[in-house]
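Novice:
There are 2 protein chains.
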Amino acid sequence: MSEALAEESAKPEVKSQRLRAWLRMLKATRRVEAHIRERFRLEFETTLPRFDVMAALDRFEGGLKMSELSTALRVANGNVTGIVERLVADGAVLRVPVAGDKRATLVVLTKKGRDEFSAMAATHRLWVDEMFERVSPELCDQIVAAMDLIGASPAYAKKGEPA
Amino acid sequence: MSEALAEESAKPEVKSQRLRAWLRMLKATRRVEAHIRERFRLEFETTLPRFDVMAALDRFEGGLKMSELSTALRVANGNVTGIVERLVADGAVLRVPVAGDKRATLVVLTKKGRDEFSAMAATHRLWVDEMFERVSPELCDQIVAAMDLIGASPAYAKKGEPA
DNA sequence: GTATGAAATTTCATACTTGAACTATTTTCA
DNA sequence: TGAAAATAGTTCAAGTATGAAATTTCATAC
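Chains as they are written, first to last, in the working numbering: chain A, 17 to 179; chain B, 17 to 179.
#1: Give me, in chain order, the residues of the same chain whose beta-carbon lies closer than 6 Å to that of Ser86 (chain B); leave out the 5 immediate sequence neighbours on both sides.
#2: Going by other Cβ atoms of all chains shown within 10 Å of its Cβ, with 16 needed for buried, is Met163 (chain B) buried or exposed?
#3: Going by other Cβ atoms of all chains shown within 10 Å of its Cβ, with 16 needed for buried, is Ala115 (chain B) buried or exposed?
#4: Can you tell me where the beta strand (DSSP E) holding Leu165 (chain A) begins and where it ends?
#5: Between the C-alpha atoms of Leu122 (chain A) and Gly98 (chain A), what's the straight-line distance to the nearest angstrom?
#6: Straight-line CA distance for Lys81 (chain A) to Leu73 (chain A)?
#7: Given Glu61 (chain A), which residues of its chain have a CB within under 6 Å of its CB, disregarding the five upstream and five downstream residues?
#8: Just the Cα atoms here: how many angstroms apart are Ser188 (chain A) and Met147 (chain B)?
#9: Using a Cβ cut-off of 9 Å (strictly closer), state whether Lys174 (chain B) contacts chain A.
#10: Whose Cβ in chain A lies nearer than 8 Å to the Cβ of Pro153 (chain B)?
#11: Beta carbons nearer than 8 Å to chain B: which residues of the segment 37 to 56 of chain A have them?
#12: Say whether chain B places a C-beta atom closer than 9 Å to the C-beta of Asp131 (chain A).
#13: Express the C-alpha separation of Ala135 (chain A) and Ala44 (chain B) in angstroms, rounding to a whole number.
#14: For Asp131 (chain A), does the three-state DSSP call read helix, strand or coil?
#15: Check for me: the alpha helix (DSSP H) holding Thr97 (chain B) runs from which residue to which?
#16: Note down, in chain order, each residue of its chain lying with its Cβ closer than 8 Å to the Cβ of Leu64 (chain B), except the 5 sequence neighbours on either side.
#17: Tell me the rounded alpha-carbon separation between Met70 (chain A) and Lys31 (chain B).
#18: In chain order, what residues of the segment 81 to 95 of chain A put their CB closer than 8 Å to some CB of chain B?
#19: What number of angstroms, rounded off, separates the C-alpha of Met41 (chain A) from the C-alpha of Val124 (chain B)?
#20: Could you give the distance in angstroms between the alpha-carbon of Arg34 (chain B) and the alpha-carbon of Ala88 (chain B)?
#21: Find out if the Cβ-Cβ distance for the pair Ile159 (chain B), Arg150 (chain A) is shorter than 9 Å.
#22: Is the CB-CB distance between Gly79 (chain B) and Val112 (chain B) below 9 Å?
#23: Would you mind stating whether Trp38 (chain B) and Val144 (chain A) have Cβ atoms separated by less than 9 Å?
#24: Taking just the CA atoms, how far does Arg36 (chain B) sit from Pro153 (chain A)?
#25: Is Arg90 (chain B) helix, strand or coil by DSSP?
#26: How should Glu84 (chain A) be labelled, buried or exposed, when 16 other C-beta atoms within 10 angstroms of its C-beta is the threshold for buried?
#27: Using only the alpha-carbon positions, how far apart do Asp68 (chain A) and Lys128 (chain A) sit?
#28: Output needed in chain order: residues of the segment 110 to 125 of chain A with a Cβ under 7 Å from some Cβ in chain B.
#29: Could you check where the beta strand (DSSP E) with Leu125 (chain B) kicks off and where it finishes?
#30: Just confirm the distance between the C-beta atoms of Arg90 (chain B) and Arg46 (chain A), as a whole number of angstroms; I'd bet it's less than 8 Å.
#31: Count the other CB atoms, across all protein chains shown, that sit within 10 Å of the CB of Ala161 (chain A); report buried if there are 16 or more and exposed otherwise.
#32: Buried or exposed: which applies to Arg119 (chain A), given that a residue is buried once 16 or more other Cβ atoms fall within 10 Å of its Cβ?
#33: Considering just the uninterrupted stretch of the alpha helix (DSSP H) at Arg150 (chain A), what are its terminal residues?
#34: Using the three-state DSSP reduction, which class does Lys31 (chain B) fall into: helix, strand or coil?
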């Protein structure tokens, strides 16, 4: 490693506790995400966003409208269009017109998509369990409680968050 | 809200505690990131990745090489190229050849970049404090400790992580 | 009945992100 | 020395992400 990175905290780093907590949380989240993304790519040739969409569709068996998907996943609506397009191309998902509203489309998992998702979800849980192996169940509860305190004031919460 | 989203937990949701903790953590992180990204865009017409690069450069006054930047930020090296390009175009950053190694480039904050960063960093901290207002300093410490337990086994850790 | 505005999606421009392929340089060591 | 391996960066293709503008359809007030 070069000199620049070696001399670490060149500055006093006077950070508030909250900023420090946020940065640590961000780093841990990215670490886990990177690991999971890589394994999805290597073992299932898929991506995290695709998995997220399939997970949402799996939860709601009747399917979700495009706008419901973007709300549930908290991503821009234009974004969902592309991801669903690729899932349709892969035969994992189907677009169904909504009776009575020609504007809307319902997105539904196909049998193939549902089966693929089941397999991926089970493995995904193993990956998470593995990365969280040093985190006790009690600490998990504490994390859950703590996370819910963060940025959760009405001012920040976007509407329509599924519990 | 439509029917699909209204009937929430259609499935039993038998999640392990660890999976639950991870999902909650991911959701909170995205909530905070989305908020910060939006404010960066509205108030400074910049982006989170640009800010991250500037933050790294601000910490190391001597500048960082491209590869050091990508290591410090844990992003692909090809990624840094584009972000630095735009920072150069904005006059926030300078590329300096490294004496004795014609392959490498040192990236350094300009005076303008450093000033801009100072202002942004101060405001950024306020945003974080705001979103973490319900999180006590003690809980912050607990979060820091917990985050360090996650995915931190040697198997997952990429090399060269700055402390 | 029709203007008018709201809602559901798509399209677009821009930016970020990754991993892989490629170029250029430096280092290693037989 | 000089070929092979390692290192530093850029370029590339594909995918993800955003917000804004445009399109089509729906709902409603008049």
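Virtual Cβ for every residue (Gly too), placed ideally from N, Cα, C.
Given the structure is predicted, the values throughout are model-derived calculations rather than measurements.
Specialist: With the given structure in hand:
#1: Along the second sequence, one-based indexing puts residue 86 (chain B) at 70. Correct list, in chain order: Asn93, Val96.
#2: Counting from one through the second sequence, the residue named residue 163 (chain B) turns up at place 147. Buried, since its Cβ has 16 or more Cβ neighbours within 10 Å.
#3: By one-based count along the second sequence, residue 115 (chain B) stands at place 99. With fewer than 16 Cβ atoms within 10 Å of its Cβ, Ala115 (chain B) is classed as exposed.
#4: In the first sequence, counting from the first residue as 1, residue 165 (chain A) sits at position 149. Unbroken run through Leu165 (chain A): none, as it is neither H nor E.
#5: By one-based count along the first sequence, residue 122 (chain A) stands at place 106. By one-based count along the first sequence, residue 98 (chain A) stands at place 82. Whole-angstrom Cα-Cα distance: 15 Å.
#6: Looking up residue 81 (chain A) in the first sequence gives position 65. Looking up residue 73 (chain A) in the first sequence gives position 57. Distance between the alpha carbons of Lys81 (chain A) and Leu73 (chain A) is about 10 Å.
#7: For this step, residue 61 (chain A) is matched to residue 45 along the first sequence. If we look at Glu61 (chain A) and ignore the five residues flanking it on each side, it has no Cβ neighbours.
#8: Absent from the structure is residue 188 (chain A), since the part of chain A shown begins at 17 and ends at 179.
#9: Along the second sequence, read from residue 1 onward, the residue named residue 174 (chain B) stands at position 158. Low confidence applies to Lys174 (chain B): its pLDDT is 45, below 50, so where it sits in the model is not reliable enough to give any reading.
#10: Sequence index remark: in the second sequence, residue 153 (chain B) carries index 137 (1-based). Those are Gln33, Arg34, listed as they occur along chain A.
#11: Ala37, Trp38, Arg40, Met41, Leu42, Lys43, Ala44, Thr45, Arg46, Arg47, Val48, Glu49, Ala50, His51
#12: What you label residue 131 (chain A) is simply residue 115 of the first sequence in a count that begins at 1. No, Asp131 (chain A) lies away from the interface with chain B (no Cβ there is under 9 Å from its Cβ).
#13: Translated into positions along the second sequence, residue 44 (chain B) becomes position 28. Translated into positions along the first sequence, residue 135 (chain A) becomes position 119. Ala44 (chain B) and Ala135 (chain A): Cα-Cα distance of roughly 26 Å.
#14: Your numbering for residue 131 (chain A) matches position 115 in the first sequence. In this structure, Asp131 (chain A) counts as helix in the three-state DSSP scheme.
#15: Counting from 1 along the second sequence, the entry for residue 97 (chain B) is found at position 81. Element bounds for Thr97 (chain B): 93 to 105.
#16: Counting from one through the second sequence, the residue named residue 64 (chain B) turns up at place 48. So the list reads Glu49, Ile52, Arg53, Phe56, once near-sequence residues are dropped.
#17: Along the first sequence, read from residue 1 onward, the residue named residue 70 (chain A) stands at position 54. Along the second sequence, read from residue 1 onward, the residue named residue 31 (chain B) stands at position 15. Approximately 17 Å, taken between the alpha carbons.
#18: Lys81, Glu84, Thr87, Ala88, Arg90
#19: Here residue 41 (chain A) refers to the residue found at position 25 when the first sequence is read from its first residue. Here residue 124 (chain B) refers to the residue found at position 108 when the second sequence is read from its first residue. So the two alpha carbons sit approximately 27 Å from each other.
#20: One-based indexing of the second sequence puts residue 34 (chain B) at position 18. One-based indexing of the second sequence puts residue 88 (chain B) at position 72. The straight-line gap from Cα to Cα measures roughly 28 Å.
#21: Residue numbering aside, residue 159 (chain B) sits at position 143 when the second sequence is read from its first letter. Residue numbering aside, residue 150 (chain A) sits at position 134 when the first sequence is read from its first letter. No.
#22: Here residue 79 (chain B) refers to the residue found at position 63 of the second sequence. Here residue 112 (chain B) refers to the residue found at position 96 of the second sequence. Yes, the pair counts as a contact, with Cβ atoms nearer than the cut-off.
#23: Working through the second sequence from its first residue, we reach residue 38 (chain B) at position 22. Working through the first sequence from its first residue, we reach residue 144 (chain A) at position 128. The answer is yes: Cβ separation under 9 Å.
#24: What you label residue 153 (chain A) is simply residue 137 of the first sequence in a count that begins at 1. What you label residue 36 (chain B) is simply residue 20 of the second sequence in a count that begins at 1. Going from the Cα of Pro153 (chain A) to the Cα of Arg36 (chain B) covers about 10 Å.
#25: Along the second sequence, one-based indexing puts residue 90 (chain B) at 74. DSSP places Arg90 (chain B) in coil when its eight states are reduced to three.
#26: Taking the first sequence and counting its residues from 1, one reaches residue 84 (chain A) at position 68. Buried, because 16 or more other Cβ atoms sit within 10 Å of the Cβ of Glu84 (chain A).
#27: Residue numbering aside, residue 68 (chain A) sits at position 52 when the first sequence is read from its first letter. Residue numbering aside, residue 128 (chain A) sits at position 112 when the first sequence is read from its first letter. Cα to Cα, the separation comes out at about 16 Å.
#28: Taking 7 Å as the Cβ-Cβ cut-off against chain B, none of the residues of the segment 110 to 125 of chain A qualify.
#29: Here the question's residue 125 (chain B) lines up with position 109 in the second sequence. Start and end: 117 to 125.
#30: Indexing the second sequence from 1 puts residue 90 (chain B) at position 74. Indexing the first sequence from 1 puts residue 46 (chain A) at position 30. Going by Cβ atoms, the distance from Arg90 (chain B) to Arg46 (chain A) rounds to 6 Å, so yes, they are a contact pair.
#31: Against the first sequence, residue 161 (chain A) aligns to sequence position 145. By the neighbour-count rule (16 or more Cβ atoms within 10 Å), Ala161 (chain A) is not buried but exposed.
#32: Indexing the first sequence from 1 puts residue 119 (chain A) at position 103. Exposed: under 16 other Cβ atoms inside 10 Å.
#33: One-based indexing of the first sequence puts residue 150 (chain A) at position 134. Where Arg150 (chain A) is concerned, there is no enclosing alpha helix (DSSP H), given that its DSSP letter is neither H nor E.
#34: Counting from one through the second sequence, the residue named residue 31 (chain B) turns up at place 15. Correct three-state label for Lys31 (chain B): coil.
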